[in-house]
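A quick write-up on the structure given underneath.
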Amino acid sequence: MDCGSKRTARRATSAFLIALAVTLWAAPRTGAAHAFAGRGQATHNARLLHSTFNSFARRTRSAGVVPASSPPLPAPARFREVEGRGLLARVWVNNSGPYNFAIDTGAGATIISRRVAAEARVALAGARSVKLSGLSGVQGSEGREASPGRLAIGTPENLLPAKGLAIVTDALPSDLDGVLDPTESYWPLGFTIDLPGDTISAFDPRAHSLRGLAEPPGGAIVPWLFDGSSRRPFVSLDAGRRALLDTGSGFGLAINDTAAPAFGINSTRGRERAGVRDLGRGNISARRIEPLTIQIGSLVLRRIPTDLLSGAANGAPVLLGRDALRPFEISFDPVSRLIRLRPADATSRR
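Here's what the structure looks like:
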């Protein structure tokens, strides 16, 4: 199979994971269940889902607060891109493993399958349950808050600094053991995802800040926009729109069909892609339409692969997935709240 055919096959099958993890909206089993009764209130419900996710995030961490001393740096770890599942790395949970976890900057939390949680003796944080929803806004699955204990990536000794809470659920595919969000698991360290080099690595943001650095040729350094209490990495596009940088997504630039006019999309004709089933067991359809040109800071992405989504909740974010990000090494600095996108040809000249 030639390279073009491989890319086509990958695009056709890799949308599944992103819909599982990109918009991890969580709500208590009690207290907010009434908010999801009417499907005719999709916009209102999406806002409530988003609000309850922020409430959940506040309980599990304090965003924007970095300890005075940084933890030891984990060694770089390799990942591999697998059709339909994303960027898979070997992860150990409480010294049990290795397991296949997808590296997903849009997840908002560590997600662990019930099977792995049982094998690794993950301690549930109590009887509290959370309702889970994906891009569709449908709440067809739930999970339990849990304490994962030790997390390691690459090797059993390569420990990640963040402990925090996780979500244990049976909503993941049977061949995926979990989802690792590096914005949470590497906290308070910075991290770099080198998509061309298939590597994730950590850096000390106090000693090696992105602030004050020159922008890389063909790249950009832009503000890391937090989303309320969540540290999911949003960036500002031209005309003030926001997009979520999401390594869990096999899409390019993914836009809800209701937001299409704001991007100047007049024609919805395009190639139908494989259907997507999300974390809440809702269904999303996607169509690869004519590519768009967008700008992130000084970086202009011309003719970026563009996907138009149908069935997504009105509050679902615009996404920049792997089809858009694949040429870049992306560094995330939580102290300066900056993100650097550096193209592969620039990294080779370091």
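Numbering-wise (the numbering used here), the sequence shown opens with residue 19 and increments by one.
Glycine included, each C-beta is placed from N, C-alpha and C at the ideal position.
The model shown is predicted, which means the values in this text are computed figures rather than measured ones.
Which of the three DSSP states, helix, strand or coil, is assigned to Val134?
Sequence index remark: in the sequence shown, residue 134 carries index 116 (1-based). Assignment of Val134 by DSSP, reduced to helix, strand and coil, places it in the helix class.
Go through its chain and collect everything with a Cβ distance to Ala184's Cβ below 8 Å, but skip five positions before and after it.
As a first step, residue 184 is located in the sequence shown; it is residue number 166 there, counting from the start. For Ala184, where only same-chain residues beyond five positions count, the Cβ hits under 8 Å are Ala127, Thr128, Ile129, Ile130, Val140, Glu163, Ala164, Ser165, Pro166.
Determine whether the beta carbon atoms of Phe269 and Ala304 lie at a separation below 9 Å.
For the purposes of this step, residue 269 is taken as the residue at position 251 of the sequence shown. For the purposes of this step, residue 304 is taken as the residue at position 286 of the sequence shown. Against a cut-off of 9 Å, the Cβ pair of Ala304 and Phe269 comes out as a contact.
Can you have a look at Asn274 and say buried or exposed, based on whether 16 or more other CB atoms are within 10 angstroms of its CB?
For the purposes of this step, residue 274 is identified with residue 256 of the sequence shown, where counting begins at 1. So Asn274 counts as buried.
Exposed or buried, Val318, counting other C-beta atoms within 10 Å across all chains shown (16 or more means buried)?
Position 300 of the sequence shown holds residue 318. Within 10 angstroms of the beta-carbon of Val318 lie fewer than 16 other beta-carbons, which makes it exposed.
Of the choices Leu194, Gly124, Ser114, whose alpha-carbon is the least far from that of Thr173?
What you label residue 173 is simply residue 155 of the sequence shown in a count that begins at 1. Checked all of Leu194, Gly124, Ser114; the closest Cα to Thr173 is Ser114.
Checking the sheet assignment: what are the DSSP bridge partners for Gly167?
Looking up residue 167 in the sequence shown gives position 149. When beta bridges are read from the DSSP output, Gly167 appears opposite no residue.
Sequence-distant residues of the same chain with beta carbon closer than 6 Å to Leu190, five excluded per side
Position 172 of the sequence shown holds residue 190. Within the same chain, and ignoring the five residues on either side of Leu190 in sequence, the residues whose Cβ sits closer than 6 Å to its Cβ are Ser131.
Tell me whether Ser203 sits in a helix, a strand or coil according to DSSP, three-state version.
Here residue 203 is taken as the residue at index 185 of the sequence shown, counted from 1. Three-state result, Ser203: helix.
Under the three-state reduction of DSSP, which class applies to Pro191: helix, strand or coil?
Numbered from its first residue, the sequence shown carries residue 191 at position 173. In this structure, Pro191 counts as coil in the three-state DSSP scheme.
Can you check which of these residues, Ala278, Glu202, Val186, Pro352, is closest to Gly144 by C-alpha distance?
Reading the sequence shown from its first residue, position 126 is the one you call residue 144. Cα-wise, what sits closest to Gly144 is Val186.
Mind reading off the beta-carbon distance from Ile302 to Leu153? Whole number of angstroms is fine, and I expect it under 8 Å.
Along the sequence shown, one-based indexing puts residue 302 at 284. Along the sequence shown, one-based indexing puts residue 153 at 135. About 5 Å; that satisfies the 8 Å criterion.
Contact check, Leu326 vs Gly300 under 8 Å by CB: the rounded distance?
Translated into positions along the sequence shown, residue 326 becomes position 308. Translated into positions along the sequence shown, residue 300 becomes position 282. The pair is not a contact, with the Cβ atoms about 17 Å apart (cut-off 8 Å).
Identify whether Pro279 lies in helix, strand or coil by the three-state DSSP scheme.
The sequence position of residue 279 within the sequence shown is 261, counting from 1. Secondary structure of Pro279 (DSSP, three-state): helix.
Assuming the contact rule is C-beta atoms closer than 8 Å, Asp122 and Val197 should be a hit. Round their C-beta distance to whole Å, please.
Here residue 122 is taken as the residue at index 104 of the sequence shown, counted from 1. Here residue 197 is taken as the residue at index 179 of the sequence shown, counted from 1. Correct: roughly 5 Å between the Cβ atoms.
DSSP-derived helix/strand/coil call for Ala362:
Looking up residue 362 in the sequence shown gives position 344. Here Ala362 sits in helix by DSSP.
Assuming Val240 contacts Leu169 under a Cβ cut-off of 8 Å, what Cβ separation, rounded to an integer in Å, is found between them?
Start at 1 with the first residue of the sequence shown, and residue 240 comes out as number 222. Start at 1 with the first residue of the sequence shown, and residue 169 comes out as number 151. That belief does not hold up - the Cβ atoms of Val240 and Leu169 are roughly 29 Å apart, past 8 Å.
CB-CB under 6 Å to Phe252, same chain, minus the five flanking residues each way: which ones, in chain order?
Numbered from its first residue, the sequence shown carries residue 252 at position 234. Correct list, in chain order: Leu243, Asp245, Arg260, Leu262.
Asp341 in three-state terms, based on DSSP:
On the sequence shown, residue 341 is found 323 positions in, with the first residue counted as 1. If DSSP states are grouped into helix, strand and coil, Asp341 belongs with the helices.
Which one of Asp264, Ala330, Asp195 has the shortest CA to CA distance from Glu137?
Locating residue 137 in the sequence shown gives position 119, where the first residue counts as 1. Asp195 is the residue among Asp264, Ala330, Asp195 whose C-alpha sits nearest the C-alpha of Glu137.
Using a threshold of 9 Å, state whether the C-beta atoms of Gly102 and Thr265 are closer than that.
Within the sequence shown, numbered from 1, the residue matching residue 102 stands at position 84. Within the sequence shown, numbered from 1, the residue matching residue 265 stands at position 247. Not closer than 9 Å, so no.
Is the distance from the Cβ of Glu308 to the Cβ of Asp212 below 9 Å?
Position 290 of the sequence shown, counted from the first residue, corresponds to residue 308. Position 194 of the sequence shown, counted from the first residue, corresponds to residue 212. It is not a contact, given that the beta carbons lie outside the stated cut-off.
Does the separation of the CB atoms of Leu359 and Leu337 fall below 9 Å?
Residue mapping note: residue 359 aligns to position 341 of the sequence shown, counting from 1. Residue mapping note: residue 337 aligns to position 319 of the sequence shown, counting from 1. No, the Cβ-Cβ distance between Leu359 and Leu337 is not below 9 Å.
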